[in-house]
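If you count the sequence shown from 1, position 298 lands on 298 in full-length UniProt numbering, and the numbers rise without skipping.
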Amino acid sequence: MKNLLYAISSGVLLALAWPTYGFPLLLFFAFVPLLYAEFKVRNSEKKYIKWKVFAMAYLSFFLWNLITTYWLYFSTAFGGAFAVLVNSLLMALVFLLYHIVAKRTGFSAASAFLVSIWMVFEKLHLAWEFSWPWLNLGNAFSEFQNWVQWYEYTGTFGGTLWVWLVNIACFKAVLLYKEFKDKDFIYRGIFKIAVLILIPIGISYFLLSQIEEKGETMEVVILQPNINPYIEKYNTNDTRIGELLLKLSEEKVNENTKLILAPETVFADGTVLPNFEQSEAAFFSRQLINRYPQTNFLSGISFYERFRDPAKVREQSNQLGPNDWYDDYNSAFLMNSEDIPQLYHKSKLVVGVENFPYQEILKPILGDVMIDLGGTVAMKTTQEDREAFALNNNSATGPIICYESVYGEYVTGYIENGADFLSIITNDAWWGNSQGHKQHLSYAKLRAIETRRDVVRSANTGISAFINQKGEITKSLGYEKQGSIKANIHLNSEKTFYVEYGDYLARVAQFLALFIFLFAIVKYKRNRPS
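What follows is the structure, encoded as structure tokens:
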């Protein structure tokens, strides 16, 4: 019964540490009850040990996933349940691997393996087709961004490493006290834990004191149309949307405005890609540009392209019939008075809603289950490279579409291609007025720190915001409000260490985890009695 309570305690502590309602300090102790429960089971029981460890871990991680991401249910009940249940399963399997190694090695090796294999798991969630990095541990500090200004050197994997080092130090202090009943171990443990927590925070505040906003300034207007995606969006045609955007622009745009930003798929009718120049979206964009020739207009749009040529078929193409296919795109476009339209197609897709993971394997088994997972009947087509849109004032921006903003190393691709600031266009209304849209906004602050780029964020129903290079929200427009906001941003062309080297901590962790695992297995076989 005690082990069950330990498992529950870890799950609750992890959940209570999460943004945008929790306190991340709890994260430094959250894994300790589960680690202690695993230690007790490993050293005191002989039957079904692996199953008991797995069950405890699953309970902890299920509670964490459920409490923090329950809001997925509002978009799709099946998809929400799938995300919670499967992500909990994956986390439990990672913890089970730690248990297997811990039985065969000492405390230090097992602890190093746990840190490494957890980071490998988080890196997997950033790369594979079932990608769901929402609960990567480094994200937990997004509301306390002043603690993690050093993310410009480490990215969020630095936060993951930090969390695990403190948890392991705390766990070791508990074990030493339990074994020797000497309070000195507790006092020394408290001192060590305090140092591990306070030194990174101190470094962060030092960096914060040295940061000055870099680059020239530029005026940006963000539009927030507040179109309900369940009731209005697909019953509101592009003409009415264009008229609304013109109206919202009139409130703030003037001769100094260099960029007008509108949200993801705000033009949702489904524009034929080769005919974009004749579309309603292009027509109303030109209306804005004619009124304000100095400005650039960046917006989201839904594209499709139908074709009969088998040579054009891609892995993500959708088939309607014999020799009849189409590509479906969630895209961004930028128009100004000087250049032809620039296009970018969203490339980090929402699992089940915008893509069918590993369909060559799963489709024969599951059929068209992605229709049941949430909101679309078509695979979205992506592009391989990040696109930096060139504005007519010699600056450039990265057009980040919705879910893409959760991926740190991915976002650095826009910087590598010349982006001086980041533009996020999104539609978070699918989750209702829950923690979902608040967390999504909060994570954007981490991208600002990692890249030292200003972020301008247009969300259909909110929260639209300006975020500076320190990860601070300087101006915002609340949820379910219609309107526009205006501010000056800085244009920065310098690259941070993280932009240059990406998720190097995760790459080191991959080698370390593999080395320790192989060492543990070989050592165990050699020492095993014949």
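Cβ atoms here follow ideal geometry from the backbone N, Cα and C, with glycine treated the same way.
Hey, does residue i have any beta-carbon neighbour from chain B nearer than 8 Å?
| i | result |
| --- | --- |
| L66 | Among the protein chains of the structure shown there is no chain B, as only one such chain exists. |
The beta strand (DSSP E) that contains residue i, what's its start and end?
| i | result |
| --- | --- |
| W325 | 324-335 |
| L477 | 473-477 |
| K299 | Here residue 299 is Ser; the residue named in the question, Lys, does not match the sequence. From DSSP, the beta strand (DSSP E) with S299 extends over 296-307. |
Is it buried or exposed, residue i, if we count other Cβ atoms within 10 angstroms and call 16 or more buried?
| i | result |
| --- | --- |
| Q439 | buried |
| T496 | buried |
| M370 | Low local confidence applies: a pLDDT of 48 at M370 is under 50, so the model's placement there is unreliable, with the coordinate-based value given in what follows. That one is buried. |
| A194 | exposed |
| G374 | Because G374 sits at a pLDDT of 37, beneath the cut-off of 50, its placement in the model cannot be relied upon, and the following sentence gives the value as read from the coordinates. Buried. |
| K481 | exposed |
| P274 | exposed |
| S108 | exposed |
| M335 | buried |
| V377 | Confidence at V377 is low in this model, with a pLDDT of 49, below 50, so the placement of that residue should be treated as unreliable; the coordinate-derived value is given next. Result: exposed. |
| F23 | exposed |
| S44 | exposed |
| S10 | buried |
| A419 | buried |
| K46 | exposed |
| S405 | buried |
| P409 | Correcting the residue type first, residue 409 is Glu in the shown sequence and not Pro. When all chains shown are included, E409 counts as buried. |
| S88 | buried |
| F191 | exposed |
| P310 | exposed |
| G80 | buried |
| Q224 | buried |
| Q149 | buried |
| V272 | exposed |
| D327 | buried |
| Y48 | exposed |
| residue 538 | Outside the displayed span of the chain (1 to 530) sits residue 538, for which this structure offers no information. |
| P293 | exposed |
| K445 | buried |
| L240 | The displayed chain sequence assigns Arg, not Leu, to residue 240. Answer is exposed; the Cβ neighbour count stays below 16. |
| K50 | exposed |
| W128 | exposed |
| F267 | buried |
| R386 | buried |
| D339 | exposed |
| E277 | exposed |
Would you please state the rounded distance, in angstroms, between the beta carbons of residue i and residue j? I believe it to be under 8 Å.
| i | j | result |
| --- | --- | --- |
| K123 | A513 | About 10 Å; that fails the 8 Å criterion. |
| Q435 | R453 | Rounded, the Cβ-Cβ distance is 26 Å, inconsistent with contact. |
| T381 | Y329 | 5 Å |
| K258 | N296 | 6 Å |
| V84 | L66 | 5 Å |
| N323 | R306 | That pair is no contact at about 11 Å. |
| S476 | I425 | Incorrect: roughly 15 Å between the Cβ atoms, too far for contact. |
| N237 | D269 | 6 Å |
| I117 | E264 | The Cβ separation is near 35 Å, so there is no contact. |
By DSSP's criteria, residue i is part of a beta bridge. Which residues make up the other side?
| i | result |
| --- | --- |
| F421 | T397 |
| R457 | I424, A465 |
| A487 | V220 |
| L343 | F333 |
| K380 | D328 |
| A388 | Answer by DSSP bridge pairing: none, since A388 is not bridged. |
| V272 | Y304 |
From which residue to which residue does the alpha helix (DSSP H) around residue i run?
| i | result |
| --- | --- |
| R42 | 32-44 |
| G413 | 408-416 |
| L320 | Careful: L320 lies outside any alpha helix (DSSP H), inside the beta strand (DSSP E) at 318-321. |
| V499 | 497-501 |
| L5 | 2-16 |
| F284 | 280-291 |
| G189 | 183-210 |
| K47 | That residue, K47, is in no alpha helix (DSSP H); it is neither H nor E in DSSP. |
| S442 | 435-451 |
query = In chain order, which alpha helix (DSSP H) runs of at least 4 residues are fully inside the region 217-270?
reply = List check, alpha helix (DSSP H) in window: 238-250.
message = Just to confirm the assignment: which complete alpha helix (DSSP H) runs, minimum length 4, are found wholly within the region 69-106?
response = 77-102
ask   = Going along the chain, which unbroken runs of the alpha helix (DSSP H) with 4 or more residues stay wholly within the region 132-158?
value = 151-154
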